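Below is one structure, written out as structure tokens; the observations come after it.
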Amino acid sequence: MSDTDKILDIYRGYDREKLAIATIGSHSALQILNGAKAEGFKSIVLCKPERVETYRRFGVADKIITLNSYDEILEGGRVYEKLIAENAIIVPHGSFISNVGTDKVEKRLTLPILGNRNILRWDSDRTLERNWLLKAGIKMPKETKDPKDIDRLSIVKFPGARGGRGYFLVANYEDFVRKTAYQIDRGRITGDDIREATIQEYIPGVSMYLSYFYSPLKKEVELFGIDQRLEANIDGLTRIPALDQTNSYIEPSYVVV
16 MSDTDKILDI YRGYDREKLA IATIGSHSAL QILNGAKAEG FKSIVLCKPE RVETYRRFGV
76 ADKIITLNSY DEILEGGRVY EKLIAENAII VPHGSFISNV GTDKVEKRLT LPILGNRNIL
136 RWDSDRTLER NWLLKAGIKM PKETKDPKDI DRLSIVKFPG ARGGRGYFLV ANYEDFVRKT
196 AYQIDRGRIT GDDIREATIQ EYIPGVSMYL SYFYSPLKKE VELFGIDQRL EANIDGLTRI
256 PALDQTNSYI EPSYVVV
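In this note's numbering, the protein residues as written are 16 to 272.
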């Protein structure tokens, strides 16, 4: 039986009147869980033990399933059969792909998911993502392939949905060499990360996240929200006067809260 047939077979066995929406806990999951409740679905959050109390205290999901490993949701995993018993539809997001892994989601997550699982690779591959956006006619910041060609303020990003973890700004090649060595020495990134890094022109502006969804029922794209996510610690640094920043250097970071 192919994976597609297996997934369809699982879905056919579901009680359509008791479908549940399940996703891995993260900042992206909050909107998914809230939307599931608003539409009358049971909501399930999958999270590691250290995050359970946060979700329990604020009641963002109807059910919390604790994971010791993200692999437990894959076929043969401890939680896999539980999700089938719950009639669960998986709704993936950036952190979901980062935690589980694109290959595993494509080949070993044989549970029904919302949308096309083959498109999820675009979320973790910046080259595919960029080409996609350019073909759509969307303006994109200049990208520098060779660090020696850096000629303007640029941000160095790494593969996958890391939520900004490890990103840093560089002004030229010497700055790039110095800062990458600093990050590697502290174990924050690896040589492989550097080789796969994206160096992109840094454009100051309003940081907004647009939430949109293509409705197969209405056959149109729905824009249903715009939010702003704070980044630690760079958003806090903007409150410190420039002179004080210069006199007491604080290393900036771009981790999405």
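Glycine included, each C-beta is placed from N, C-alpha and C at the ideal position.
Every value quoted in this text rests on a predicted model; they were computed, and no experiment measured them.
When C-alpha distances from ARG31 are compared across ASN102, LYS57 and GLU87, the shortest belongs to ASN102. In the three-state scheme derived from DSSP, where H, G and I count as helix and E and B as strand, PHE191 is classed as helix.
For the alpha helix (DSSP H) assignment, the uninterrupted runs of no fewer than 4 residues enclosed by the region 77-147 are, from N- to C-terminal side, 95-100, 109-115, 117-122 and 136-139. Scanning its chain for C-beta atoms nearer than 8 Å, with the 5 sequence neighbours on each side dropped, one finds around LYS78 the residues ALA35, LYS57, SER58, ILE59, VAL60 and GLU101, in chain order. Note that the region 121-135 does not touch the region 144-158; fewer than 3 beta-carbon pairs, one per stretch, sit closer than 8 Å.
Only residues of its own chain outside the window of five on either side were considered, and among them GLY179, SER222, SER268, TYR269, VAL270, VAL271 and VAL272 have a CB closer than 8 Å to the CB of GLU246, listed in chain order.
Under the three-state reduction of DSSP output, TYR29 falls in the coil class, being neither helix nor strand. SER58 is bridged by DSSP to ILE36. Less than 8 Å divides the Cβ of GLY240 from the Cβ of SER226.
If you ignore the 5 residues before and after LEU168, its C-beta comes within less than 7 Å of the C-beta of LEU184, ALA186 and TYR217, all in its own chain and listed in chain order. The closest CA to that of LYS194, considering only THR213, GLN215 and VAL171, is found on VAL171. Around the beta carbon of ALA44, 16 or more other beta carbons sit within 10 angstroms, so the residue counts as buried. Take the alpha-carbon of ASP86 and the one of VAL115: they are about 7 Å apart. Going by C-alpha positions, GLY74 is about 11 Å away from VAL67. Looking at the backbone, the Cα of ILE214 and that of ASP18 are separated by about 37 Å. About 7 Å separates the CB atoms of LEU143 and ARG136; that is less than 8 Å, so the two are in contact. One alpha carbon belongs to ALA212, the other to PHE173, and they sit about 5 Å apart.
DSSP, reduced to helix, strand and coil, places LYS172 within a strand of the structure shown. In its own chain, leaving out the 5 sequence neighbours on each side, no residue places its CB closer than 6 Å to the CB of ASP118. Looking at the DSSP output, ASN248 sits in a beta bridge with TYR269. In the DSSP assignment, ASP259 falls within the unbroken alpha helix (DSSP H) covering 257-262.
Rounded to the nearest angstrom, the Cβ distance from VAL120 to THR38 is 12 Å, too far for a contact under 8 Å.
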